[in-house]
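So the structure is just underneath, and the comments pick up after that.
Numbering (the working numbering), first residue to last: 2 to 208.
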């Protein structure tokens with residue numbers, strides 16, 4: 002019995018409880034250390050990210066961006082020039098040798114040139130007409146968009162200080178008083194005028 006008590010409720014039981022407490026405390030300390038380590042790493046990473054773009058790196062990055070933009074612009078200009086040369090080669094007909102041509106050949110060359118000129122003028126007219134139509138459509142769409150914006154645009158609120166608003170109220174009150182006095186004066190003058198007319202009428206009736 003004494004051995005059983007020692008094993009389950011005596012000194013051996015107290016030692017096991019102490020071991021469990023120590024293990025729990027050690028686990029808590031380990032978790033705290035892990036959280037602290039992660040917070041410190043996050044802080045260092047944030048500082049490193051914040052200080053990544055130093056003035057020298059910003060200057061170098063700006064220079065690289067300008068070089069890239071200049072290169073892209075040059076590439077676009079080259080592509081436009083290539084397209085221009087291609088269109089010119091398609092539209093420009095090589096001039097035949099006029100020195101060795103006889104009268105019939107010269108006449109045919111003149112007819113071909115005239116037909117080509119008429120074709121180009123017709124294409125030029127069609128292109129200009131299409132451009133005018135597109136400009137008109139763009140103008141109509143712009144007007145429609147402005148109308149729609151005008152329906153939903155919030156009115157700009159004017160900032161007025163409290164003192165200004167008080168002065169405006171006082172001005173309105175003074176103006177109302179002045180208007181009221183002028184109205185009274187007008188009423189009084191009209192009243193006197195009516196009384197004078199009545200007296201004149203009575204005097205003439207007595208005559």
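Glycine residues also receive a C-beta, built at the ideal position from the N, C-alpha and C atoms.
This structure is a prediction, so every number in the text was calculated from the model and none was measured.
Using DSSP with H/G/I as helix, E/B as strand and the rest coil, what is residue i?
| i | result |
| --- | --- |
| residue 22 | helix |
| residue 80 | helix |
| residue 56 | helix |
| residue 9 | Confidence at residue 9 is low in this model, with a pLDDT of 49, below 50, so the placement of that residue should be treated as unreliable; the coordinate-derived value is given next. Looking at residue 9 - three-state DSSP - the assignment turns out to be helix. |
| residue 149 | helix |
| residue 74 | helix |
| residue 144 | helix |
| residue 128 | helix |
| residue 96 | coil |
Please report how far the alpha carbon of residue i lies from the alpha carbon of residue j, in whole angstroms.
| i | j | result |
| --- | --- | --- |
| residue 46 | residue 144 | 53 Å |
| residue 106 | residue 88 | 28 Å |
| residue 37 | residue 26 | 16 Å |
| residue 78 | residue 71 | 11 Å |
| residue 29 | residue 67 | 55 Å |
| residue 113 | residue 73 | 42 Å |
| residue 212 | residue 137 | Because the chain in this structure spans residues 2 to 208, residue 212 falls outside the shown range and cannot be described. |
| residue 32 | residue 69 | 50 Å |
| residue 55 | residue 61 | 10 Å |
| residue 84 | residue 108 | 34 Å |
| residue 35 | residue 19 | 24 Å |
| residue 142 | residue 148 | 10 Å |
| residue 140 | residue 150 | 15 Å |
| residue 43 | residue 86 | 59 Å |
| residue 96 | residue 102 | 12 Å |
| residue 134 | residue 126 | 12 Å |
| residue 129 | residue 119 | 15 Å |
| residue 64 | residue 75 | 16 Å |
| residue 104 | residue 80 | 43 Å |
| residue 115 | residue 146 | 47 Å |
The alpha helix (DSSP H) with residue i in it runs from where to where?
| i | result |
| --- | --- |
| residue 103 | Element bounds for residue 103: n/a, residue is neither H nor E. |
Measure the Cβ-Cβ separation of residue i and residue j and say whether it is below 8 Å.
| i | j | result |
| --- | --- | --- |
| residue 94 | residue 58 | no |
Looking at C-alpha atoms only, which residue of the options is the closest neighbour of residue i?
| i | options | result |
| --- | --- | --- |
| residue 98 | 110, 135, 26 and 72 | 110 |
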